Amino acid sequence: MKLGFIGTGVMGAAMASHLLAAGHEVVVYNRTKQRATGLIEQGAKWRETPAAVAADSDVVFSIVGYPKDVREVYFGTAGIFAGIHEGAVVVDMTTSSPALAQEIATQATAQKVAALDAPVSGGDVGAQNATLTIMVGGDDAAYQRVLPLFELMGTHVNRFGTAGMGQHTKMANQIMIAGTMTGMVEMMVYAKSAGLPVDQVLTTLNGGGAANWSMANYAPRIMAGDYNPGFYAKHFLKDLRIALEEADKMQIELPATQLAHDLYAKMVDEKQLGNLGTQALIKLYAGWV
């Protein structure tokens, strides 16, 4: 298939590489061309705008940073909708707002295009290993058409309903991750302060009821002093803000998620550590540093 991929950062570059490896033609765009160099060397073709990517593609994937970036990529003067052709499918894999996903779907329908919102979970490791969890909202016929492509990037792919439902599912995911991340860092601070061998504690806990993805994947990075982003802290804060905004709309309270939001806000906004990985939350704790 002729595919487009917009956003070749930590996640997108690895995801697009799997599409190339499967033999598909892929055209790419990223705000910083240098970050697409590896894909171009692998055989991808560069385009100067999202509109140009869309014009050359049957299916266009996007994964960018923030909802404002999604809006620009789709609705900007050189955006996807300025170049897309009838019968194509657009797939936004950014973690964004359900309302924006619905807006994209409405515009897509007006242009006789199908739209899916398909945020992912699994971080850089999942992207590199093609083991992402992909949560999809949108038309079922479009989902069935794109499913073989999703399966090149992930191992758990599910559709949850109409436009926006993929984003709602990702919010549920991020609410859960908020709890495991805060629990992990506070557990490690406690264990170190108590004089326990933290590496042995981690091995023990990963074999019992406390086992979780965050601890298995991010605690070893903390132990190695590796705070490089598998997932940017600033993007996780964005996700938590969206989750809390959606909770407000539904008139529900999520106090634990609010606390996680406040901790990440301190890390990103006050400590200016937003370009580090989510595991760098532990830097807030005097008991660790």
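The letter at position 177 of the sequence shown is residue 271 when you use this note's numbering, and the numbering goes up by one with no holes. Built from N, CA and C at the ideal position, the CB exists for glycine as well. Only a predicted model underlies this, so the values are computations on that prediction, with no experimental measurement involved.
Return the bridge partner residues of residue i from the DSSP annotation.
i, result
"Tyr326", "Gly371"
"His250", "Thr227"
"Phe155", "Phe99, Val185"
"Glu339", "According to DSSP, which records beta bridges pairwise, Glu339 is partnered with nothing at all."
"Ser308", "Paired residue(s): none; Ser308 is not in a bridge."
"Val214", "Ile228"
"Trp382", "Per DSSP, none; premise fails for Trp382."
"Lys139", "Val121"
Using the three-state DSSP reduction, which class does residue i fall into: helix, strand or coil?
i, result
"Val122", "strand"
"Ala208", "strand"
"Lys127", "helix"
"Lys286", "helix"
"Lys365", "coil"
"Ile269", "helix"
"Gln345", "coil"
"Gly319", "coil"
"Ile376", "helix"
"Met105", "coil"
"Ile198", "helix"
"Gln179", "The sequence as given places His at residue 179; Gln does not occur at that position. DSSP places His179 in coil when its eight states are reduced to three."
"Pro242", "helix"
"Thr256", "coil"
"Asp234", "helix"
"Ser190", "coil"
"Ala116", "coil"
"Pro161", "helix"
"Asp333", "helix"
"Ala145", "helix"
"Pro291", "coil"
"Ala350", "helix"
"Thr171", "coil"
"Gly303", "coil"
"Asp150", "coil"
Measuring CB to CB, does residue i end up less than 8 Å from residue j?
i, j, result
"Leu154", "Val185", "Checking the displayed sequence, the identity of residue 154 turns out to be Val instead of Leu. For Val154 and Val185, yes; Cβs fall inside 8 Å."
"Gly170", "Ala146", "no"
"Ala285", "Val279", "no"
"Gly248", "Thr263", "no"
"Val164", "Ser156", "yes"
"Ala148", "Gly132", "no"
"Met265", "Ile376", "no"
"Pro161", "Met187", "no"
"Met361", "Leu367", "yes"
"Val167", "Gly159", "no"
"Asp211", "Gly260", "yes"
"Gly381", "Val283", "yes"
"Leu386", "Ala116", "With the chain represented from 95 up to 383, any question about residue 386 goes unanswered, as that position is not in the structure."
"Leu334", "Gln268", "yes"
"Ala313", "Leu296", "yes"
"Arg129", "Thr102", "yes"
"Phe175", "Gln222", "no"
For the ligand SAH, I want to know if residue i counts as a neighbour, meaning its beta carbon is within less than 7 Å of at least one of the ligand's heavy atoms.
i, result
"Ser215", "The ligand content of the structure shown is nil, which means the ligand SAH is not present either."
Chain B beta carbons: is any one of them nearer than 8 Å to that of residue i?
i, result
"Ala116", "Judged by its chain identifiers, the structure shown contains no chain B, having just a single protein chain."
(request) Taking 8 Å as the threshold, find out whether the segment 264–275 comes into contact with the segment 351–366 through three or more Cβ pairs. (result) yes
(request) May I ask you to verify whether the segment 215–224 touches the segment 190–207, counting CB pairs closer than 8 Å and requiring at least 3? (result) no
(message) Across the segment 223–235 and the segment 248–258, are there enough close Cβ pairs to call them in contact, namely three or more that are closer than 8 Å?
(response) yes
(request) Report yes or no: do the segment 102–116 and the segment 132–140 share at least 3 C-beta pairs separated by less than 8 Å? (result) yes
(request) Examine the Cβ distances between the segment 362–379 and the segment 326–335 and report whether three or more of them are shorter than 8 Å. (result) yes
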